[in-house]
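2 protein chains.
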Amino acid sequence: MTTIRDVAKHANVSAATVSRVLNKKGYVSKEAEEAVLTAIKELNFRPNAVARTLYNKSSRMIGLIVPDITNPFFPELARAVEDVALTYGYTVVLCNADGNVEKEHNYIEALKQKYVDGIILTTNQLSFSDEEEVGVPMVALDRIIGSKIPTVVSSNEEGGAAAARHLIENGCRFLAHLRGPKGLATAEDRLSGFRKVVEQSGVANVIVEADFHFEKSEQVTAKLLEHHPTIDGIFASSDVSAAGAIKAATAMGKKVPDDLQVIGFDGIPFGEMLVPSLTTIAQPIYKMGAMAARLLIKLIENKPLERFYYELPTELIKRQTTRRKEENNE
Amino acid sequence: MTTIRDVAKHANVSAATVSRVLNKKGYVSKEAEEAVLTAIKELNFRPNAVARTLYNKSSRMIGLIVPDITNPFFPELARAVEDVALTYGYTVVLCNADGNVEKEHNYIEALKQKYVDGIILTTNQLSFSDEEEVGVPMVALDRIIGSKIPTVVSSNEEGGAAAARHLIENGCRFLAHLRGPKGLATAEDRLSGFRKVVEQSGVANVIVEADFHFEKSEQVTAKLLEHHPTIDGIFASSDVSAAGAIKAATAMGKKVPDDLQVIGFDGIPFGEMLVPSLTTIAQPIYKMGAMAARLLIKLIENKPLERFYYELPTELIKRQTTRRKEENNE
Chain A
1 MTTIRDVAKH ANVSAATVSR VLNKKGYVSK EAEEAVLTAI KELNFRPNAV
51 ARTLYNKSSR MIGLIVPDIT NPFFPELARA VEDVALTYGY TVVLCNADGN
101 VEKEHNYIEA LKQKYVDGII LTTNQLSFSD EEEVGVPMVA LDRIIGSKIP
151 TVVSSNEEGG AAAARHLIEN GCRFLAHLRG PKGLATAEDR LSGFRKVVEQ
201 SGVANVIVEA DFHFEKSEQV TAKLLEHHPT IDGIFASSDV SAAGAIKAAT
251 AMGKKVPDDL QVIGFDGIPF GEMLVPSLTT IAQPIYKMGA MAARLLIKLI
301 ENKPLERFYY ELPTELIKRQ TTRRKEENNE
Chain B
1 MTTIRDVAKH ANVSAATVSR VLNKKGYVSK EAEEAVLTAI KELNFRPNAV
51 ARTLYNKSSR MIGLIVPDIT NPFFPELARA VEDVALTYGY TVVLCNADGN
101 VEKEHNYIEA LKQKYVDGII LTTNQLSFSD EEEVGVPMVA LDRIIGSKIP
151 TVVSSNEEGG AAAARHLIEN GCRFLAHLRG PKGLATAEDR LSGFRKVVEQ
201 SGVANVIVEA DFHFEKSEQV TAKLLEHHPT IDGIFASSDV SAAGAIKAAT
251 AMGKKVPDDL QVIGFDGIPF GEMLVPSLTT IAQPIYKMGA MAARLLIKLI
301 ENKPLERFYY ELPTELIKRQ TTRRKEENNE
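Sequence lines, in order, name chains A and B.
The first sequence: position 206 = 206 (UniProt numbering), numbered continuously.
The second sequence: position 208 = 208 (UniProt numbering), numbered continuously.
Right under this line is the structure:
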């Protein structure tokens, strides 16, 4: 393998000069720089990434900590982070922390030990108050961690309001909301948007916990429809939760959307594959991941950020699980 | 930050001795070792992972190259790899290569530069003939790369045969197979299993390409059912492809499973969320990922492998898109 010493010999300069050229640090004469670059090319020299890491305390890696990559919201997010990272020459270390504080801390320690340049964290925990405490640049994705940590979320509250409005405009008179986990900001915000609209319009409503979970949503919907057979609209806090609701309703002989209209939240590809296809409040998942990666790389490169809080708009996607008042309504 | 020198001073030994203890290499007296371990504990010293990487040429990282993490087959695989890696103290670098040979090579080079200890590769390409050529321990997952590279796949051919048998036993008389990409071993094997059974039983059949792709499967199924309205059974080469077929059939007024029975392949969670829920040939996805990770770590640690080829059994999961001959049939 070619070393810095081989390059120095070939270029007729010192190893320290080669190092200065490689790391773009310190003074090097124009001629020496050219000689080094020519030698690098002729010898097909690739500076050892690990040695550079030790020297620069930068590994050109970023850590991505998600609760669970098998939750269908996260693959697209991870893909976006990796795509942007790749463009800037970074690789991505994937960590599944299951929303477990101890696991998150262990991952952060392990990642710092490997000199990752930064971390993107999707967490429900409020264990980090600012960047200083973490000791490495960090961006929060889909969750708010602290005011000094740049955050990318979607407009969950407005999305929850839009879901309720859509059901009411479509004629629903008794709404159920399958809410996400208690204490989770995204779930609370969706609920809050929903609640404001139903209270304003005065339609009957009932709220139950379903944890974004398919089986749980199926179970709570079955009970709900048994107790309240006149429920005619369900807003589920995730697309997977909506699928559970539809499954339960269909099993009880209810027709979607004729007897019961259902709207989800997320906009994952799977919603389109359902029959009938799922009306949903779509988050710009790929954009959120890409923006988090870009913000993190700015932080790493000590570039100024315009803001620390980015809320991207959600969008109502009308498909087949809600009615259309007029065919040319869309 | 505590350094090796601080530990050496505290333990009253040389830095070289501390290094030998940390790396478990070379002779160290019992007393010196104990003094070093005590000093490490008292000073709360954490050996720098990057410096160790440079010394040992091991980063305790493994690279996982997949075509695209947003393809719903791969998140569970990635999760399994990461779970096993974590148990053995390794972290996982995630790479999306889109089945592009150049991207794969670039990733492999970048990963080697970072001294990853090994790579798990899911690829359609036959560009690596053995481990020597890659220069780093490698395991092939879901695809066969070369005879000297340990490989984990599921029994695709037997799975294809089981799908065809199930449809025929359920009374189908005209089968269609939505095959996966040409040249992809997994897709070819599923086709081959299907073909053997239909030829033996003499039922009519037609084979079309659908690339595991939702929209493409929807389109080809619509055409297929238009030309051949008597098709009464479809074997789709992936669950996503099956969802496309069901969507097209439903749009044409066909009832699944009464008019048309459909069986998929993969066993991803999403199949269960469909209404009706999807009958499928399930691969043991998590097991495949976990086994690949365990094999790779054995390779890394120079432990002997029993075999180089592991084919895990697939399983017919009967749900609602195929008929049940008798209710107690399952």
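Yeah, the Cβ is synthetic: ideal placement off N, Cα and C, and Gly gets one too.
Taking the straight line between their C-alpha atoms, what separation do you get for Ala282(A) and Glu133(A)?
The residue you call residue 282(A) lines up with position 282 of the first sequence. The residue you call residue 133(A) lines up with position 133 of the first sequence. Using only the alpha carbons, I get a separation of about 34 Å.
For Asn329(A), does the three-state DSSP call read helix, strand or coil?
On the first sequence, residue 329(A) is found 329 positions in, with the first residue counted as 1. In this prediction, Asn329(A) has a pLDDT of 43, which is less than 50 and means its spatial position is unreliable; what the coordinates show is noted afterwards. Asn329(A) falls in the helix class under three-state DSSP.
Delimiting residues of the beta strand (DSSP E) encompassing Gly146(A)
The count along the first sequence starts at 1 and reaches residue 146(A) at position 146. Where Gly146(A) is concerned, there is no enclosing beta strand (DSSP E), given that its DSSP letter is neither H nor E.
Please give the ranges of any alpha helix (DSSP H) in the stretch 143-229 of chain A, keeping only runs that are unbroken, at least 4 residues long and fully inside the region.
156-169, 185-201, 214-227
Return the Cβ separation of His10(A) and Leu37(A) in integer angstroms, given the expectation that the two are a contact with Cβ distance under 8 Å.
If you number the first sequence from 1, residue 10(A) lands on position 10. If you number the first sequence from 1, residue 37(A) lands on position 37. Not quite, the Cβ-Cβ distance comes to about 11 Å (not below 8 Å), so this is no contact.
With a cut-off of 8 Å, do at least 3 Cβ pairs link the stretch 74-87 of chain A to the stretch 278-297 of chain A?
yes
Got a sec, what are the start and stop residues for the alpha helix (DSSP H) Asp6(B) sits in?
Residue mapping note: residue 6(B) aligns to position 6 of the second sequence, counting from 1. Counting along the chain, the alpha helix (DSSP H) containing Asp6(B) begins and ends at 4-11.
Nearest chain B C-beta to Ile69(A) closer than 7 Å, yes or no?
As a working note, residue 69(A) is residue 69 in the first sequence. For Ile69(A), the answer is yes, since a Cβ of chain B falls inside 7 Å of its Cβ.
Quick one: Cα of Glu327(A) to Cα of Arg173(A), how far?
Counting from 1 along the first sequence, the entry for residue 327(A) is found at position 327. Counting from 1 along the first sequence, the entry for residue 173(A) is found at position 173. Its pLDDT being 42, under 50, Glu327(A) is placed unreliably by the model, and the measurement read from it follows with that caveat. Whole-angstrom Cα-Cα distance: 21 Å.
If distances are taken between C-alpha atoms only, which option among Arg165(A), Glu218(A), Asn170(A), Asp6(A) comes closest to Val198(A)?
Position 198 of the first sequence, counted from the first residue, corresponds to residue 198(A). Among Arg165(A), Glu218(A), Asn170(A), Asp6(A), the Cα nearest to that of Val198(A) belongs to Arg165(A).
Would you call Ala293(B) buried or exposed, if buried means 16 or more other Cβ atoms sit within 10 Å of its Cβ?
Taking the first residue of the second sequence as position 1, residue 293(B) is located at position 293. Under this definition Ala293(B) is a buried residue.
At a Cβ cut of 7 Å, what residues of the stretch 76-88 of chain A count as close to chain B, listed as they run along the chain?
Glu76, Ala78, Arg79, Glu82
Using a Cβ-Cβ cut-off of less than 7 Å, list which residues of the stretch 286-309 of chain A approach chain B; keep chain order.
none
Reference Ile156(B); option with closest CA among Ala110(B), Phe270(B), Ile144(B), Lys148(B):
Here residue 156(B) refers to the residue found at position 156 when the second sequence is read from its first residue. This sequence places Asn at residue 156(B); Ile is not what is there. Of the candidates Ala110(B), Phe270(B), Ile144(B), Lys148(B), the one whose C-alpha sits nearest the C-alpha of Asn156(B) is Ile144(B).
Ala8(A) classed as buried or exposed, judged by whether at least 16 other C-beta atoms fall within 10 angstroms:
Counting from one through the first sequence, the residue named residue 8(A) turns up at place 8. Under this definition Ala8(A) is a buried residue.
For Glu109(A) and Leu312(A), the rounded distance between their alpha carbons:
As a first step, residue 312(A) must be located in the first sequence, where it is residue number 312. As a first step, residue 109(A) must be located in the first sequence, where it is residue number 109. About 30 Å.
Exposure of Glu218(B), with buried meaning 16 or more beta-carbon neighbours within 10 Å
Translated into the one-based positions of the second sequence, residue 218(B) becomes position 218. With 16 or more Cβ atoms within 10 Å of its Cβ, Glu218(B) is classed as buried.
What is the DSSP secondary structure of Gln283(A), counted as helix, strand or coil?
The sequence position of residue 283(A) within the first sequence is 283, counting from 1. Reduced to three states, the DSSP call for Gln283(A) is coil.
Sequence-distant residues of its chain with Cβ nearer than 8 Å to Leu94(B) (five each side left out)
Here the question's residue 94(B) lines up with position 94 in the second sequence. Around Leu94(B): Leu64, Val66, Ile69, Ala78.
Would you decide whether Asn329(A) is buried or exposed? Buried here means 16 or more other CB atoms lie within 10 Å of its CB.
Working through the first sequence from its first residue, we reach residue 329(A) at position 329. With a pLDDT of only 43 at Asn329(A), under the threshold of 50, the placement of this residue in the model should not be trusted, and no figure is reported.
Count the other CB atoms, across all protein chains shown, that sit within 10 Å of the CB of Val13(B); report buried if there are 16 or more and exposed otherwise.
Position 13 of the second sequence, counted from the start, is the residue given in the question as residue 13(B). Classification for Val13(B): buried.
Please tell me whether Val101(A) has its Cβ less than 7 Å away from any Cβ of chain B.
Counted from its first residue, the first sequence places residue 101(A) at position 101. Not an interface residue.
From the DSSP secondary-structure annotation, give me the bridge partner or partners of Ile246(A).
Against the first sequence, residue 246(A) aligns to sequence position 246. Paired residues: none, contrary to the question.
Assumed close pair Ile268(B), Thr321(B) - CB separation to whole angstroms, cut-off 8 Å
Working through the second sequence from its first residue, we reach residue 268(B) at position 268. Working through the second sequence from its first residue, we reach residue 321(B) at position 321. In fact, because the Cβ distance is near 14 Å, the residues do not count as touching under 8 Å.
Ala32(B) to Ile4(A), Cα distance in whole Å?
Locating residue 32(B) in the second sequence gives position 32, counting from the first residue. Locating residue 4(A) in the first sequence gives position 4, counting from the first residue. Looking at the two C-alpha atoms, the distance is approximately 36 Å.
Scan the stretch 256-285 of chain A for residues whose Cβ lies nearer than 7 Å to a Cβ of chain B and list them as they occur along the chain.
Phe270, Met273, Leu274, Val275
Kindly identify the DSSP beta-bridge partner or partners of Glu31(A).
Position 31 of the first sequence holds residue 31(A). BP columns for Glu31(A) are empty, so no partner.
Roughly how many angstroms lie between the CA atoms of Lys41(A) and Arg179(A), to the nearest whole one?
Looking up residue 41(A) in the first sequence gives position 41. Looking up residue 179(A) in the first sequence gives position 179. In a straight line, the C-alpha of Lys41(A) is about 59 Å away from that of Arg179(A).
Where the beta strand (DSSP E) containing Ala236(B) begins and where it ends:
Taking the first residue of the second sequence as position 1, residue 236(B) is located at position 236. Residues 233-236.
Any C-beta of chain A sitting closer than 7 Å to the C-beta of Phe214(B)?
Counted from its first residue, the second sequence places residue 214(B) at position 214. Closer than 7 Å: yes.
Quick one: is Asn302(B) buried, meaning 16 or more other Cβ sit within 10 Å of its Cβ, or exposed?
Here residue 302(B) refers to the residue found at position 302 when the second sequence is read from its first residue. With fewer than 16 Cβ atoms within 10 Å of its Cβ, Asn302(B) is classed as exposed.
Measure the Cβ-Cβ separation of Gly233(B) and Gln261(B) and say whether it is below 7 Å.
Along the second sequence, read from residue 1 onward, the residue named residue 233(B) stands at position 233. Along the second sequence, read from residue 1 onward, the residue named residue 261(B) stands at position 261. Result yes, Cβ atoms of Gly233(B) and Gln261(B) sit closer than 7 Å.
Quick one: measure Cβ to Cβ for Asp142(A) and Thr122(A), integer angstroms, because I've assumed they're closer than 8 Å.
Within the first sequence, numbered from 1, the residue matching residue 142(A) stands at position 142. Within the first sequence, numbered from 1, the residue matching residue 122(A) stands at position 122. That pair is a contact at about 5 Å.
Use the C-beta contact count for Ser19(B): other C-beta atoms within 10 angstroms, 16 or more gives buried, fewer gives exposed.
The residue labelled residue 19(B) in the question sits at position 19 within the second sequence. With 16 or more other Cβ atoms within 10 Å, it is buried.
If I follow the unbroken alpha helix (DSSP H) through Tyr107(A), where does it start and stop?
As a first step, residue 107(A) is located in the first sequence; it is residue number 107 there, counting from the start. Tyr107(A) -> alpha helix (DSSP H) spans 101-113.
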